[in-house]
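Numbering (our numbering), first residue to last: 7 to 327.
Where a beta carbon is used, it is the ideal one built from N, C-alpha and C, also for glycine.
The structure displayed is predicted, hence computed values, not measured ones.
Following: one structure in structure tokens, then a few remarks.
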Amino acid sequence: MFQSILRKEIAYFDIHKAGELNTKLTDDVDKIHDGIGDKIGSALQFIATFFSGLTMGNLTVTELEAYSKAGAISEEVFSSIRTVLAYNGQEREEKRYEKHLDEAKINGIKKGAISGIFIGTMWFFSFCSYALGFWYGAKLIRDEGYKIGDVCVVFFSITNGMSNLVQTGPHFEAFTQARAAAYIVWKAIDAPSKTNNDFETGLKKDHLIGDIHFSNVHFSYPTRPDIKVLNGISFDVKHGQTIALVGSSGSGKSTCVQLLQRFYDFDSGSIFIDEHQITEYNLKWLRQHIGVVSQEPVLFQATIRENILLGKDDATNDEVE
């Protein structure tokens with residue numbers, strides 16, 4: 007640029023002052039150098055890191071979800087192993103389990119390929135820097151009279167930096183896996199609850215009579231929204247009254263009790279205890295006033311007394327007995 011300016015006509019210098027020309031030679035050239043120098047390499051590095059990290063993260067999320075589904079199947083099979091064996095369902099369950107493992111395998115292969123490309127690219131540029139350093143160092147020694155010691159110091163500093171950069175590959179994969187796992191964890195934390203589990207709000211009555219009223223209640227389980235378990239059921243249970251719900255398996259007998267406990271919220275209709283809908287009561291208070299003995303009671307690893315006290319911590323000995 008300096009050479010080009012010196013070849014301009016005098017009129018050019020009349021229009022452009024010395025300070026302006028000096029600015030072009032210094033500040034403007036420095037800005038161009040800054041823009042097309044190491045900044046381009048850094049920008050490309052950050053962009054490549056972003057997209058590779060995003061891709062690895064998405065693949066890791068899919069892989070973890072597949073493992074989670076496979077784990078759920080194995081837990082289901084082991085907890086019902088007698089039923090599986092009784093109906094010769096081993097092969098069927100194996101296929102269900104392998105289906106999700108295959109999904110995880112495919113995503114693992116994709117992750118390995120991307121990680122291999124990423125690390126291989128870094129090693130490629132590392133060896134290219136070695137070659138460039140040897141060539142340029144020899145050129146400086148031959149043409150510019152540099153000392154071998156000075157060239158070696160610069161060369162090994164660069165190679166050491168590149169070596170450390172290459173070592174970030176495995177850590178980069180760990181960061182990506184952590185990001186994917188964190189996404190799943192925060193997704194579970196932030197997922198809203200369809201049932202209001204706030205134990206601080208809601209109605210707490212001084213005296214509960216215990217009259218129950220179901221009015222045109224409809225309900226389907228979230229896992230089977232197309233199957234109606236309760237289709238407009240209505241009945242009344244007075245305080246102290248004993249009733250029996252009779253029906254085939256899956257007809258909704260246990261479901262009515264679970265709706266009373268508010269394990270689920272019904273789709274439509276209303277359920278009253280005394281004169282208030284169950285959704286108006288404080289959830290913790292409501293469950294403390296309902297005693298349930300299910301078909302298959304669950305006992306925790308504790309004494310019988312401690313298991314009984316789980317429903318009421320301040321129960322007296324007479325109440326426990």
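Would DSSP call residue 283 helix, strand or coil? strand
Kindly list the residues whose CB is nearer than 7 Å to the CB of residue 249, restricted to its own chain and excluding five residues on each side of it in sequence; keep chain order. 243
Assign residue 323 to one of two classes, buried (16 or more other C-beta atoms within 10 Å of its C-beta) or exposed (fewer than that). exposed
Look at the alpha carbon of residue 5 and the alpha carbon of residue 234, and state the distance between them as a whole number of angstroms. Since the first residue of the chain shown is 7 and the last is 327, residue 5 is not available in this structure.
Which value, in whole angstroms, describes the spacing of the CA atoms of residue 197 and residue 129? 42 Å
Using the Cβ count rule (16 or more neighbours within 10 Å means buried), how would you classify residue 261? buried
Taking the alpha carbon of residue 256 as the point to measure from, which residue in 282, 226 and 141 has its own alpha carbon closest? 226
May I ask which residues mark the beginning and end of the beta strand (DSSP E) holding residue 236? 236 to 243
Taking C-alpha atoms, which residue in 231, 75 and 238 lies nearest to residue 221? 238
Residue 94, buried or exposed, once every other Cβ within 10 Å from all chains shown has been counted against 16: exposed
DSSP-derived helix/strand/coil call for residue 53: helix
Unbroken alpha helix (DSSP H) run spanning residue 132, endpoints: 96 to 145
Cβ shell of residue 106 (< 8 Å), same chain only, five flanking positions each side left out: 72, 73, 75, 76 and 79
Of the residues 246, 245 and 254, which one's Cα is nearest the Cα of residue 236? 254
Could you tell me which whole beta strand (DSSP E) segments of length 3 or greater appear in the region 248 to 313? 274 to 279
Less than 8 Å separating the beta-carbons of residue 313 and residue 210? no
Can you name, in chain order, every residue of its own chain whose Cβ lies under 8 Å from the Cβ of residue 302, other than the five neighbours on each side? none
Cβ-based neighbour list, residue 136, same chain, cut-off 7 Å, excluding 5 preceding and 5 following: 165
Relative to the C-alpha of residue 228, which residue among 125, 160, 283 and 269 is closest? 269
Residue(s) in a DSSP beta bridge with residue 221: 276
What does a CB cutoff of less than 8 Å around residue 98 pick up in its chain, not counting 5 residues either side in sequence? none
Alpha-carbon to alpha-carbon, residue 123 and residue 285: 56 Å
Express the C-alpha separation of residue 214 and residue 296 in angstroms, rounding to a whole number. 11 Å
With distances taken from CA atoms, which of 96, 133 and 232 is nearest residue 167? 133
Would you kindly report the start and end of the unbroken alpha helix (DSSP H) that includes residue 327? Unbroken run through residue 327: none, as it is neither H nor E.
Helix or strand or just coil, what does DSSP make of residue 214? coil
How about residue 216 and residue 291: are their beta carbons less than 8 Å apart? no
Figure out for me which residue from 139, 153, 148 and 151 has the closest Cα to the Cα of residue 162. 139
Euclidean distance between Cα positions of residue 278 and residue 100: 46 Å
Which partner residues does residue 65 have in the DSSP bridge list? BP columns for residue 65 are empty, so no partner.
Have a look at residue 61 and residue 304 and give me their C-alpha separation to the nearest angstrom. 44 Å
Helix, strand or coil at residue 316 [DSSP, three-state]: coil
When we look at the beta-carbon of residue 117 and count the other beta-carbons within 10 Å, is it buried (16 or more) or exposed? buried
For residue 157, count neighbouring Cβ atoms within 10 angstroms of its own Cβ and tell me buried if that reaches 16, exposed if not. buried
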